[in-house]
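Chemist: So that we are looking at the same thing, I have put the structure below in structure tokens.
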Amino acid sequence: MIRPDEGCRLCGLCAGRSRIVLPSGPTDASVVLVGEAPGENEDLSGVPFVGRSGRILETAMAEAGFSRDDVMITNTVKCRPPGNRDPLPEEMAACRRFLESELAGRSLIVGLGRSACADLMGIKPPMSEIANVITTVRICGEDIDFLPTYHPAACIYRKEARERLAEAMSIVRSRL
Ligand code: URA
């Protein structure tokens, strides 16, 4: 797995970060969950999904019968976008080399939300059209199963998103 240098300046997000947020979880996990970008809590702690979205994700994983110690968790970009805006295509492209090295050789990649799905699938349809339909993405010359699903933040006010995320976590459980 390749990691950005501490002083990485491959895109403009370096200007606003406190720290680079590297993947969490076992480096040999068969499943990797890919979120959008670090938020404020992640920028402060250096760990992905530790804020409100992280708590929602952990609850969904626990209800499906596993925990964050069973999977690797990462983001499309490793530095916090200003004001928590969506990462730009050029920022995701700059970080892509690190993401690909994190994903290579896994048995299942889960895209949490539209940014991760757009980055990895190269398309940005409404989540309601693609959620929980397994497809494949090409990573380092190999087709890997890809499960697009809702971002935990979308579950705060939307029952459908909550139900689909729960279903996606059950699929993950069956692949561990
Ligand atoms: N925290 C993350 O690490 N990624 C997200 O997409 C949201 C919150």
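Our numbering numbers the first residue of the sequence shown as -8 and each following residue consecutively.
Backbone N, C-alpha and C define an ideal beta-carbon position, used for all residues, glycine too.
No experiment lies behind these values; they were computed from the predicted model shown.
1. Evaluate contact between the segment 117 to 128 and the segment 14 to 32, counting only Cβ atoms and requiring at least three cross-stretch pairs below 8 Å.
2. Opposite I130 in the DSSP bridges: which residues?
3. Quick check on the DSSP output: the beta strand (DSSP E) that includes I100 runs from which residue to which?
4. Roughly how many angstroms separate the alpha carbons of S98 and G(-2), rounded to a whole number?
5. Just to check my reading of the structure: A107 and V25 have Cβ atoms closer than 8 Å, yes? What is that Cβ distance to the nearest angstrom?
6. Is L103 near ligand 1, with its Cβ less than 8 Å from a heavy atom?
7. F40: beta carbon under 8 Å from a heavy atom of ligand 1?
8. Helix or strand or just coil, what does DSSP make of P139?
9. Mind checking T127: buried by the 16 CB within 10 Å criterion, or exposed?
10. Answer yes or no: the CB of E27 versus the heavy atoms of ligand 1, is any distance below 8 Å?
11. Please state the DSSP three-state secondary structure of M63.
12. Assign P143 to one of two classes, buried (16 or more other C-beta atoms within 10 Å of its C-beta) or exposed (fewer than that).
Modeler: So, from the listed chains and residues:
1. no
2. As a position in the sequence shown, residue 130 is number 139, starting the count at 1. Answer by DSSP bridge pairing, in chain order: E133.
3. Here residue 100 corresponds to residue number 109 of the sequence shown, with the count starting at 1. Per DSSP, I100 belongs to the beta strand (DSSP E) from 99 to 103.
4. Within the sequence shown, residue 98 is the residue found at index 107, counting from 1. Within the sequence shown, residue -2 is the residue found at index 7, counting from 1. S98 and G(-2): Cα-Cα distance of roughly 32 Å.
5. The residue given as residue 107 occupies position 116 in the sequence shown. The residue given as residue 25 occupies position 34 in the sequence shown. Yes, they are in contact, since the Cβ atoms of A107 and V25 sit about 4 Å apart, within 8 Å.
6. The count along the sequence shown starts at 1 and reaches residue 103 at position 112. Answer for L103: yes, Cβ within range of ligand 1.
7. Locating residue 40 in the sequence shown gives position 49, where the first residue counts as 1. F40 Cβ: within cutoff of ligand 1.
8. Within the sequence shown, residue 139 is the residue found at index 148, counting from 1. Here DSSP, grouped into helix, strand and coil, assigns P139 to strand.
9. Reading the sequence shown from its first residue, position 136 is the one you call residue 127. Burial state of T127 is exposed, judged by a 10 Å Cβ sphere holding fewer than 16 other Cβ atoms.
10. For this step, residue 27 is matched to residue 36 along the sequence shown. Yes, the beta carbon of E27 sits closer than 8 Å to at least one heavy atom of ligand 1.
11. The sequence position of residue 63 within the sequence shown is 72, counting from 1. Residue state, collapsed to three classes: strand.
12. Position 152 of the sequence shown, counting from 1, holds the residue named residue 143. By the 10 Å Cβ count, P143 comes out buried.
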